[in-house]
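Per this note's numbering, residue 3 is the first one in the sequence shown, and the count goes up by one each step. Built from N, CA and C at the ideal position, the CB exists for glycine as well.
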Amino acid sequence: MAKLSLPANSKMRSNEFIYGVATASFQIEGGVNKRLPCIWDTFCAQKNTIADNSNGDIACDHFNQWQSDIELIDSLGVDAYRLSISWPRVINKSGELNQEGVDFYLNILNSLAQKNIKAFVTLYHWDLPQHIEDNGGWLNRDTAYLFRDYADKISAALKGKVYSFATLNEPFCSAYLGYEVGVHAPGIKGKEYGKKAAHHLLLAHGLAMQVLNKNCPDSKNGIVLNFTPCYPETNSSIDAKAASYADDYFNQWYIKPLFDGQYPDIINQIPDEQQPAIHDGDMDIISAPLDFLGVNFYTRAIYRADKHEHFFQIAPPEPRTDIGWEIYPKAFSELLVSLHNTYSLPPIFITENGAAIDDKIEQDQVNDIDRINYYQAHLTEVNNAIESGVNIKGYFAWSLMDNFEWAEGYSKRFGIVYVDYITQQRTVKQSGISYSAMISQR
Ligand code: IFM
3 MAKLSLPANS KMRSNEFIYG VATASFQIEG GVNKRLPCIW DTFCAQKNTI ADNSNGDIAC
63 DHFNQWQSDI ELIDSLGVDA YRLSISWPRV INKSGELNQE GVDFYLNILN SLAQKNIKAF
123 VTLYHWDLPQ HIEDNGGWLN RDTAYLFRDY ADKISAALKG KVYSFATLNE PFCSAYLGYE
183 VGVHAPGIKG KEYGKKAAHH LLLAHGLAMQ VLNKNCPDSK NGIVLNFTPC YPETNSSIDA
243 KAASYADDYF NQWYIKPLFD GQYPDIINQI PDEQQPAIHD GDMDIISAPL DFLGVNFYTR
303 AIYRADKHEH FFQIAPPEPR TDIGWEIYPK AFSELLVSLH NTYSLPPIFI TENGAAIDDK
363 IEQDQVNDID RINYYQAHLT EVNNAIESGV NIKGYFAWSL MDNFEWAEGY SKRFGIVYVD
423 YITQQRTVKQ SGISYSAMIS QR
């Protein structure tokens with residue numbers, strides 16, 4: 003059986019390097035009746051939105067199983083657990099804290115502290131309260147201020163118990179998938195919406211940073227972005243131009259405002275009706291200093307020039323994971339080095355990396371060798387980036403356990419722990435056993 007290992011003199015062998023596992027509220031919690039509805043509840047209830055017609059009502063039933071899930075996390079020997087808070091669980095319709103919801107997270111955080119596991123808490127992993135969407139959601143500037151108020155109240159309530167707060171997880175997905183192509187909640191389609199939503203999300207981030215720094219100056223406060231590096235199909239200058247435009251549109255659009263206080267130059271090529279509404283002072287709010295940048299990486303994308311559009315994405319070549327994403331680990335180190343060379347970055351945490359594999363459970367075992375190989379190759383690239391001078395402080399496997407994979411429902415498994423959704427039985431996969439062994443052998 004393949005085993006995960008780290009090179010002999012790697013900084014990733016240091017006890018200072020943080021290893022963790024990650025999840026998100028809507029994907030694992032269930033407990034739907036103990037919170038307000040969110041945009042994903044509504045989206046799942048629509049026809050043909052989710053591959054298996056499922057929803058998050060029960061998910062992994064973490065709402066009820068959180069104690070044994072934390073025992074499970076502890077048994078893996080990780081240093082940290084990255085979770086997200088469900089906004090509709092902790093804030094009621096009038097904007098006040100819902101103490102029952104807050105207590106759910108306080109219990110989790112207290113339990114993690116008892117076990118000496120650092121808590122990395124994300125405030126927004128896509129579960130926007132539905133009543134806020136009913137007023138325009140991320141297309142309404144007011145949502146940024148509602149997010150600040152939520153961040154203010156919840157960070158004050160959790161103060162002292164959180165090692166790191168991230169404002170948003172992957173604003174690209176919320177803005178582009180949710181409001182431009184409509185394959186994620188709330189399912190809005192239109193080129194005129196994506197960049198508007200993105201700007202309000204980034205503004206929300208900047209406003210939330212202010213209250214996080216006020217309430218929890220001792221926590222490491224930052225944001226988590228996802229990157230799908232863009233490669234040209236050929237060496238031609240037109241393909242290079244297409245890839246570069248795609249990179250600005252999908253990746254740099256979210257990081258450049260944070261570190262340079264401006265959007266990429268392609269903003270000048272974007273038609274008026276697609277422009278974000280930028281108010282005076284917004285870019286200063288958005289570009290305030292961060293304690294860390296979270297980087298999520300899974301795959302790359304390949305582009306060619308197109309006669310009508312700025313770029314055309316070709317089908318991902320093999321090898322691919324079960325979700326159809328190309329396995330191309332080299333893009334990981336190339337991305338990290340390029341971000342390091344382009345921006346003046348704070349320390350980086352790899353806040354997500356992992357693979358969907360068509361796992362089979364046989365005799366209580368899951369021999370997910372392809373996932374182990376994926377992790378090995380990507381950990382090696384993280385190490386390569388560190389050796390090239392990138393300041394990386396930790397790595398989180400996505401995910402702790404199989405869960406609700408958004409538009410794919412429960413059909414795609416990303417966990418290092420297998421979940422039987424009928425019995426809610428958890429079984430640590432070989433990748434989990436191997437990740438745990440690698441961590442303990444540092
Ligand atoms: O499951 C998601 C997660 O919620 C955000 N990042 C990507 C993962 C895999 O698609």
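Which of helix, strand or coil does DSSP assign to residue 80? Residue 80: coil per DSSP, three-state reduction.
Hey, would you say residue 411 sits closer than 7 angstroms to residue 54, going by beta carbons? Yes. Within cutoff.
Any heavy atom of the ligand IFM closer than 6 angstroms to the beta-carbon of residue 320? Because no heavy atom of the ligand IFM lies under 6 angstroms away, the Cβ of residue 320 does not count as near it: no.
Best match in 118, 409, 157 and 418 for proximity to residue 437 [C-alpha to C-alpha]: Distances from the CA of residue 437 to each of 118, 409, 157 and 418 were compared; the closest alpha carbon is that of 418.
Endpoints, beta strand (DSSP E) assigned at residue 20: According to the DSSP assignment, residue 20 belongs to the beta strand (DSSP E) that extends over 20-24.
Near residue 365, what residues of its chain come up, given a Cβ to Cβ distance below 7 angstroms and the 5 sequence neighbours on each side ignored? Sequence-distant partners of residue 365 (beyond 5 residues in either direction) whose C-beta falls short of 7 angstroms from its own C-beta are missing from its chain.
Residue of 95, 116 and 209 minimising C-alpha distance to residue 143: Comparing Cα-Cα distances from residue 143 to each of 95, 116 and 209, the minimum goes to 209.
Just the Cα atoms here: how many angstroms apart are residue 169 and residue 320? Those two C-alpha atoms are separated by around 35 angstroms.
So what's residue 434 in DSSP terms, helix, strand or just coil? In this structure, residue 434 counts as helix in the three-state DSSP scheme.
Find out if the Cβ-Cβ distance for the pair residue 40, residue 130 is shorter than 7 angstroms. Between residue 40 and residue 130, the gap from beta carbon to beta carbon is short of 7 angstroms.
What is the DSSP secondary structure of residue 413, reduced to helix, strand or coil? Looking at residue 413 - three-state DSSP - the assignment turns out to be coil, as it is neither helix nor strand.
Round the Cβ separation of residue 358 and residue 52 to the nearest angstrom and send it over; I've been treating them as touching at under 8 angstroms. Contact flag wrong, Cβ pair sits at about 15 angstroms.
Please classify residue 432 as buried or exposed, where buried requires at least 16 neighbouring CB atoms within 10 angstroms. With 16 or more other Cβ atoms within 10 Å, it is buried.
In this structure, does DSSP put residue 408 in helix, strand or coil? Helix, per DSSP.
I'd like the ranges of any alpha helix (DSSP H) spanning at least 4 consecutive residues and lying wholly in the region 244-308. The region 244-308 contains these whole alpha helix (DSSP H) runs: 255-262 and 284-288.
With respect to 6 angstroms, is the separation between the Cβ of residue 328 and the closest non-hydrogen atom of the ligand IFM below this value? If you check the C-beta of residue 328 against the ligand IFM, you find no heavy atom less than 6 angstroms away.
Can you give me the C-alpha to C-alpha distance between residue 189 and residue 126, rounded to a whole angstrom? Their backbone Cα atoms lie some 18 angstroms apart in a straight line.
Across the region 207-222 and the region 100-115, are there enough close Cβ pairs to call them in contact, namely three or more that are closer than 8 angstroms? No: fewer than three Cβ pairs fall under 8 angstroms.
Looking only at DSSP bridge pairs, what is residue 99 linked to? DSSP lists 93 as partners of residue 99.
Could you tell me if the beta carbon of residue 206 falls within a distance shorter than 6 angstroms of some heavy atom in the ligand IFM? The answer is no for residue 206.
Three-state class that DSSP yields for residue 131 in the structure shown: Strand.
Tell me whether residue 26 counts as near the ligand IFM, meaning its Cβ is closer than 6 angstroms to at least one heavy atom of that ligand. Within the cutoff, so yes.
Can you tell me which residues form a DSSP beta bridge with residue 427? Per DSSP, 422.
Residue 315 in three-state terms, based on DSSP: Reduced to three states, the DSSP call for residue 315 is strand.
For the ligand IFM, I want to know if residue 31 counts as a neighbour, meaning its beta carbon is within less than 6 angstroms of at least one of the ligand's heavy atoms. Taking the Cβ of residue 31 as the reference point, every heavy atom of the ligand IFM lies at 6 angstroms or farther away.
DSSP puts residue 167 in a beta bridge; with which residues? Beta-bridge pairing links residue 167 to 123 and 223.
Within its chain, find whatever has a CB closer than 8 angstroms to the CB of residue 314; leave out the 5 residues flanking it on each side and keep chain order. The residues are 244, 305, 306, 307 and 308.
Going straight from the alpha carbon of residue 203 to that of residue 173, what length do you get? Distance from the CA atom of residue 203 to the CA atom of residue 173, rounded to whole angstroms, is 6 angstroms.
Residues in its own chain within less than 8 angstroms of residue 289 by CB, not counting five upstream and five downstream? Within the same chain, residue 289 has close Cβ partners 208, 259, 260, 261, 262 and 263.
Rounded C-alpha distance that separates residue 396 from residue 310: Distance between residue 396 and residue 310, taken at the CA atoms: about 42 angstroms.
Contact test: residue 102 Cβ vs the ligand IFM heavy atom, cutoff 6 angstroms: Remark: the shortest separation between the CB of residue 102 and any heavy atom of the ligand IFM does not fall under 6 angstroms.
Residue of 415, 217 and 403 minimising C-alpha distance to residue 23: Comparing Cα-Cα distances from residue 23 to each of 415, 217 and 403, the minimum goes to 403.
Hey, out of 157, 303, 373 and 265, whose CA is closest to residue 232's CA? Of the candidates 157, 303, 373 and 265, the one whose C-alpha sits nearest the C-alpha of residue 232 is 303.
Would the C-beta of residue 194 count as close to the ligand IFM, meaning under 6 angstroms from any of its heavy atoms? Incorrect: residue 194 has no Cβ contact closer than 6 angstroms to the ligand IFM.
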